[in-house]
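Here the sequence shown stands for residues 8 to 556, where the numbers follow the working numbering.
Data first, discussion second: the structure below is written as structure tokens.
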Amino acid sequence: MTNDTVLSHSPQTKQVAKELKNSKAIGFQILGVTAFLSLGFLLDGNMGGNEIDVLPLSKQYADPSWMPGDWYLNQLPSYRWLFFLLFGGLVVKWGFLITSILGRLLCYALIASGLVAISRKLGLNFLLLLLAVGLFLYVDDHQGVVAREWLVGGFEPKSIAYGLVLLGIGSMLTKRDRLMAFLLGLATSFHVLVGGWAFLAGLGWLLLRRTTALKNIRYLGSILLLYLAASGLAFRAIWEHLFAPITPSVTQASFLYVFLRLPHHLYPLYWSSDWWIKPLIYLLVLALCTGALWFKQRTQTFSEQHIARMSLVEYTLLALVPFVIGLAIAPFDSQGRLLQYYPFRLGDILLPLTTCLLVACVLQEIFTKRARRLLLFVCMVLLSWVCTTKAVTFQQQVSTLSQFPAQQQHIDPEWLDLCTWIRSNTPKDSVVVSPPADFPYFTWLSERPTIVNFKLLPQGKVGILEWYERLSDLSGELDLVSLVKRERVTYSKIRRVLETGYNSLTTAQVREILAKYRADYLVTQLDHPLDLPIAYRNSRYILYANSSS
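Right, dumping it as structure tokens:
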């Protein structure tokens with residue numbers, strides 16, 4: 008027998024071959040989940056959603072000469088600093104569309120890696136993992152249960168943070184506590200609240216489940232130190248938020264943040280009663296699935312898969328603790344001082360995601376042998392149907408890329424023509440007053456500074472107060488705070504109120520605005536007559552010039 012033959016049959020060689028095969032399987036699964044996510048989201052509304060906010064900010068951070076006169080784009084980076092540092096140069100070099108696509112691919116690959124890591128520890132068949140992901144993403148338009156949170160979508164700091172959180176949960180299930188702490192720390196550096204809430208839930212899980220190990224102070228200390236080291240890039244943003252000096256104001260910045268701009272995420276009393284049906288259903292299904300899995304194991308020694316499944320449930324329940332606390336304090340937190348920290352965020356995503364994964368686990372346990380083959384066949388049929396419908400949409404999205412930006416970004420041709428004219432025919436440092444309720448994409452299309460937009464909210468207290476002042480100026484001194492306190496005001500109604508106020512501005516009011524903000528032009532609807540020189544107009548919009556500039 009040759010040495011090569013001996014080596015080929017040695018335990019070490021077999022182990023290496025097994026690990027290599029396992030790594031390939033993991034890689035193919037990650038690619039499969041990434042492709043599944045990409046079919047539905049990669050080309051869906053690029054430079055829409057929050058990308059319209061963070062990508063221009065990233066470009067301005069990397070290239071301060073782009074629009075030095077724009078008030079919003081030159082705000083402090085806050086918790087987004089690491090994102091701007093890593094990806095701002097990509098926006099400068101490749102533009103918004105390519106950055107959006109490449110960034111989404113990165114986020115989807117991170118999320119897919121986390122999902123595969125979790126599912127393998129749960130002992131979940133790959134087809135059933137895809138079924139669970141499909142249930143989570145494609146059954147309902149909203150991924151979160153009630154607070155309108157989402158996991159898969161655009162390219163922004165939160166997307167990267169969630170990918171790292173899922174990888175951290177996968178590490179937790181494999182009892183690699185230090186790696187979990189490090190990954191959740193990185194998530195915190197990208198997004199303070201996503202990573203912070205995830206680490207608190209993880210620490211709570213460790214204290215509940217790993218009490219013996221945590222009696223070792225050094226072990227606990229190493230976990231905390233790893234988290235703090237990895238989350239260190241978030242410390243500056245936390246310090247600025249907590250201790251930034253602000254001028255005393257009747258209205259708190261937190262009130263504007265929670266009740267005016269983001270009640271759909273942060274204020275439970277704003278949520279419609281029918282919104283609560285979904286979380287109740289998910290809680291019921293989660294309880295039934297947990298009971299079914301527990302019942303199946305009641306007479307057996309707990310397997311690693313069962314322990315991992317129960318651990319995931321426990322982690323999810325711990326993530327719901329801030330959710331419950333938020334519900335309790337909502338009626339009393341009249342200024343939003345606590346609600347501003349998104350207590351509903353993590354639980355809003357983990358409840359449906361964990362439930363879908365457990366549904367898949369229950370199906371796998373119920374159907375055995377021949378019945379399981381039938382189950383997997385049905386999964387293949389369902390997944391093939393979903394992929395086919397998504398592929399058709401994806402092909403249509405690819406065909407419209409040459410027209411970017413256009414209808415998919417909710418940009419009408421007349422507005423695009425206006426912005427193109429402004430970019431080509433006005434000085435680079437011209438300041439343009441644009442409608443505060445609509446067209447948040449004005450700055451990156453026209454490449455000219457503007458005054459304010461309702462969607463584009465600064466992250467600092469001082470910036471939020473000035474944002475509100477600017478909105479008030481551009482809407483004819485409307486008292487939006489009183490409106491919010493008086494009635495439940497939806498996002499669309501706020502925009503209508505702002506639009507009506509802006510389109511009702513008189514020539515005298517417009518002159519005051521132009522003077523206060525040293526603006527050179529004002530954009531409005533064609534049916535909004537003002538006694539000012541006309542610089543440009545088309546069938547829908549008109550651009551007035553400041554006669555005194």
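Don't be surprised by glycine CBs; every beta carbon is placed ideally from N, CA and C.
{"Check": "On the three-state DSSP scale, how would you describe Val530?", "Outcome": "strand"}
{"Check": "Ignore the nearest five residues each way along the sequence and tell me which others in Lys397's own chain have a CB closer than 7 Å to its CB.", "Outcome": "Leu46, Gly47"}
{"Check": "Among Gln304, Cys386, Tyr274, whose alpha-carbon lies nearest the alpha-carbon of Tyr349?", "Outcome": "Tyr274"}
{"Check": "Going by the beta-carbon positions, is the gap between Ala168 and Phe197 smaller than 8 Å?", "Outcome": "yes"}
{"Check": "Is it the case that the segment 447–466 contacts the segment 418–428, given that we only count it when at least three CB pairs across the two stretches are under 8 Å?", "Outcome": "yes"}
{"Check": "Using CA atoms only, rank isn't needed, just tell me which of Trp474, Ala299, Ala32 is closest to Gln259.", "Outcome": "Trp474"}
{"Check": "Whether or not the segment 38–58 and the segment 103–120 are in contact is what I'm after, with contact meaning three or more pairs of Cβ atoms, one per stretch, closer than 8 Å; do they touch?", "Outcome": "yes"}
{"Check": "Apart from the five residues on each side of it in sequence, which residues of its chain come closer than 8 Å, Cβ to Cβ, to Arg503?", "Outcome": "Ala444"}
{"Check": "Once DSSP output is grouped into helix, strand and coil, what is the label at Ile549?", "Outcome": "strand"}
{"Check": "Threshold first: 4 residues or longer. Then list the alpha helix (DSSP H) segments lying entirely within the segment 438–488, N to C.", "Outcome": "449–453, 468–481"}
{"Check": "Tell me, please, which residues DSSP counts as bridged to Arg544.", "Outcome": "Ile549"}
{"Check": "Going by beta-carbon coordinates alone, are His527 and Val438 separated by less than 8 Å?", "Outcome": "First, the residue type needs correcting, since residue 527 is Asp and not His in the sequence shown. Yes, these two residues count as a Cβ contact at 8 Å."}
{"Check": "Check whether the segment 504–522 touches the segment 473–489, taking contact to mean three or more Cβ pairs, one atom from each stretch, closer than 8 Å.", "Outcome": "yes"}
{"Check": "Does DSSP classify Glu494 as helix, strand or coil?", "Outcome": "coil"}
{"Check": "Can you tell me where the alpha helix (DSSP H) with Pro252 in it begins and where it stops?", "Outcome": "Segment: none, Pro252 is in no alpha helix (DSSP H) and carries neither H nor E."}
{"Check": "To the nearest angstrom, how far is it from the Cα of Leu173 to the Cα of Tyr68?", "Outcome": "29 Å"}
{"Check": "How is the alpha helix (DSSP H) around Val153 delimited, first residue to last?", "Outcome": "Counting along the chain, Val153 falls outside any alpha helix (DSSP H), and DSSP gives it neither H nor E."}
{"Check": "According to DSSP, is Leu408 part of a helix, a strand, or is it coil?", "Outcome": "helix"}
{"Check": "Please state the DSSP three-state secondary structure of Asp281.", "Outcome": "helix"}
{"Check": "Which residue from Pro447, Leu97, Thr531, Ile418 puts its Cα closest to that of Thr507?", "Outcome": "Thr531"}
{"Check": "Between Lys66 and Gly95, how many whole angstroms is the CB-CB distance? I'm expecting something under 8 Å.", "Outcome": "6 Å"}
{"Check": "Go through its chain and collect everything with a Cβ distance to Phe374's Cβ below 6 Å, but skip five positions before and after it.", "Outcome": "Leu382"}
{"Check": "Would you kindly work out how many angstroms separate the C-alpha atoms of Leu7 and Ser489, rounded to a whole number?", "Outcome": "Because the chain is modelled from 8 through 556, residue 7 falls outside the range shown and cannot be assessed."}
{"Check": "Label Pro71 either buried or exposed according to how many other C-beta atoms from any shown protein chain fall within 10 Å of its C-beta, with 16 as the threshold for buried.", "Outcome": "exposed"}
{"Check": "On a CA-only basis, which of Gly228, Arg430, Ser85 is nearest Val469? Give me that one, please.", "Outcome": "Ser85"}
{"Check": "Among Ile501, Val369, Trp422, which one has its Cα closest to the Cα of Ser549?", "Outcome": "The displayed chain sequence assigns Ile, not Ser, to residue 549. Out of Ile501, Val369, Trp422, Trp422 has the C-alpha closest to the C-alpha of Ile549."}
{"Check": "May I ask which residues mark the beginning and end of the alpha helix (DSSP H) holding Pro420?", "Outcome": "420–432"}
{"Check": "With DSSP as the reference, label Arg344 as helix, strand or coil.", "Outcome": "coil"}
{"Check": "If I follow the unbroken alpha helix (DSSP H) through Glu372, where does it start and stop?", "Outcome": "352–373"}
{"Check": "Using 8 Å as the Cβ pair cut-off and three pairs as the minimum, do the segment 132–149 and the segment 261–268 touch?", "Outcome": "no"}
{"Check": "Leaving out five residues on either side along the sequence, give the residues of the same chain with a beta carbon under 7 Å from the beta carbon of Pro420.", "Outcome": "none"}
{"Check": "Please classify Tyr309 as buried or exposed, where buried requires at least 16 other C-beta atoms within 10 Å of its C-beta.", "Outcome": "Sequence check: residue 309 is Phe here, not Tyr. Its Cβ having fewer than 16 others within 10 Å, Phe309 is exposed."}
{"Check": "Leaving out five residues before and five after Trp465 in sequence, what residues of the same chain have Cβ atoms less than 6 Å from its Cβ?", "Outcome": "First, the residue type needs correcting, since residue 465 is Pro and not Trp in the sequence shown. Answer for Pro465: Gln82, Ile471, Trp474, listed in chain order."}
{"Check": "Starting from the Cα of Gln415, find the closest Cα among Tyr448, Thr433, Phe384 and give me that residue.", "Outcome": "Tyr448"}
{"Check": "Distance check for Lys182 and Lys128, CA to CA, integer angstroms please.", "Outcome": "11 Å"}
{"Check": "Assuming Glu163 contacts Asn57 under a Cβ cut-off of 8 Å, what Cβ separation, rounded to an integer in Å, is found between them?", "Outcome": "5 Å"}
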